[in-house]
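Residue 126 in our numbering is what sits at position 69 of the sequence shown, and the numbering runs on without skipping anything.
For each residue, glycine too, the CB sits at the ideal point set by N, CA and C.
Bear in mind the structure is a predicted one, so any value in this text is a computation, not a measurement.
Down below is the structure, laid out as structure tokens.
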Amino acid sequence: MDWGIENRLSSLIKEDGRCQFLPIDHGYFQGPTRCLEKPSETIGGLLPYADGLFVTRGVLRSSVPSNTSTPIILRVSGGTSIIGADLSNETVTTSIDEIIRLNAAAVGISIFVGSDYEKQTLTNLSHLVNQCEPYGIPVMAVTAVGKELEKRTGRYLALSCRIAAELGARIVKTYYSPEDFDKVVEGCPVPVVIAGGPKCETELEVFEFVYDGIQKGAIGVNLGRNIWQNRHPLPMMRALHAVIHNNATPREAEALYHELSKKG
Ligand code: 5RP
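Okay, here's the thing in structure tokens:
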């Protein structure tokens, strides 16, 4: 691997081999998502604890301090909306010049395996890899399912992750599946990061799926709503940090969350 790409990956994946990415890219298809109406306020206290911030160029320029030391993963696919005909009909939205100008540590792009736009989104990924690799910029593929959340079986995710890696993604972000998640990770020759999905009922549920996913080989998370839609976002961020970087158990993380929440 060339020095540049290794350097960027090592800014995102810490020495322990783990990572905690913070996504705030939701507005690119769903508009002002709850608790993300003002992104600069949402990320305020959380940014120093994030190993990477997943964000579009518009929110990066408008809402993220340019002196941040948190590496940026630029969301570069889009072109659809939650009220449009098909969320999978995405294109690449951001040029390689912009990616370089914004000093991105990596870029992120969705693929929709099994959708009507499967070929288009897989070609988007391949072309993006072709454009980014010469500049040492790693591509993170996001195995997206749009509104069809029931698609997220281990078998489906294993298929999507493997295809993403085969096409050149350096990291794959995918959903956790209670069954066969070990097979998802084993079948993917590049690091797997766990995506969040809609907010869980309890904090413990979040700690449990993250803990289990990491035991099964994921290197970390890209969790948004389960952090910044929580009543106590900073304690949630820090408790998850303990699971990811300090091998805290779900119960230990829950206790830490409650302790930090009480302190306000
Ligand atoms: C949207 C994304 C988000 O980054 C992803 O969904 C993670 O956020 P959350 O934990 O809120 O689901 O890729 O397409």
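Would you decide whether residue i is buried or exposed? Buried here means 16 or more other CB atoms lie within 10 Å of its CB.
i    : result
K230 : buried
R308 : exposed
H184 : exposed
G165 : buried
G253 : buried
A310 : buried
P80  : buried
H83  : buried
D108 : buried
A142 : exposed
S217 : buried
H298 : buried
R132 : buried
E265 : buried
E260 : buried
S280 : The residue you asked about is not Ser; residue 280 is Leu in the sequence shown. So L280 counts as buried.
S172 : buried
I157 : exposed
M58  : exposed
Kindly indicate which residue of the options has the alpha-carbon position closest to the one of residue i.
i    : options                   : result
Y213 : D154, M197, Y192 and F169 : F169
S68  : A161, N287 and D82        : A161
N146 : V164, E175 and G165       : E175
V250 : I220, T99 and V199        : V199
V263 : Y233, V133 and I81        : Y233
L23  : T90, R114 and T148        : Absent from the model: residue 23. The displayed extent of the chain is 58 to 321, so no value can be given.
A305 : N64, D269 and P195        : D269
I284 : I70, E258, V121 and R132  : E258
E94  : A312, I228, A215 and Q286 : Q286
E190 : S172, V116, D237 and L224 : L224
R227 : P255, T150 and L66        : L66
N303 : G61, E72, W60 and V112    : E72
A275 : M58, D59, I70 and S123    : I70
P195 : D173, I220, E207 and I129 : I129
G102 : G88, M197, P122 and W60   : P122
I140 : E155, T151, G88 and R118  : G88
Quick one: residues in its chain with C-beta nearer than 7 Å to the C-beta of residue i, no 5 flanking neighbours on either side, listed in chain order?
i    : result
L46  : Residue 46 cannot be examined here, being either before or after the span of the chain that is shown, 58 to 321.
L144 : F86, T137, G203 and K204
S167 : S134, E147, T178, V199 and A201
Q188 : I153
C92  : T99, W285 and Q286
N181 : S134, E147, T148, V149 and I166
V247 : A222, A226, R227, I228 and V229
T273 : For the sequence presented, residue 273 should be read as Lys rather than Thr. F238, D239 and V242.
R282 : G253, P255 and K256
R219 : G244 and C245
Less than 8 Å between C-beta atoms, sequence neighbours within five positions excluded: which residues of the same chain meet that for residue i?
i    : result
I301 : R75, C76, Q77, V267, I271, G277 and V278
L317 : H289, L291, P292, R295 and A296
A215 : D237, K240, V241, G244 and C245
L206 : G254 and P255
N64  : G193
W60  : G193
I62  : E190, G193, I194, P195 and R227
For residue i, I'd like the list of residues in its chain whose CB is within less than 6 Å of its CB, leaving aside the five on either flank, ordered along the chain.
i    : result
S120 : P96 and S97
V116 : P96
K112 : According to the sequence shown, residue 112 is Val rather than Lys. Cβ within range, chain order: I81 and D82.
H315 : none
May I ask you to check if the CB of residue i is nearer than 7 Å to at least one heavy atom of the ligand FMN?
i   : result
P80 : Summarising the ligand content, the structure contains the ligand 5RP and does not contain the ligand FMN.
Starting from the N-terminal side, write out each stretch of the alpha helix (DSSP H) that is 4 residues or longer and does not extend beyond the segment 100-148.
-> Counting whole runs of 4 or more residues, the segment 100-148 contains the alpha helix (DSSP H) stretches 114-120.
The segment 207-223 contacting the segment 235-250, beta-carbon criterion three pairs below 8 Å | Short answer: they touch.
Contiguous alpha helix (DSSP H) assignments of at least 4 residues, all confined to the segment 205-265 = Scanning the segment 205-265 from its first residue to its last, the whole alpha helix (DSSP H) runs of 4-plus residues come out as 211-223 and 238-243.
In chain order, which continuous runs of the beta strand (DSSP E) of length 3 or greater are located wholly inside the segment 65-94?
-> You should have 76-80.
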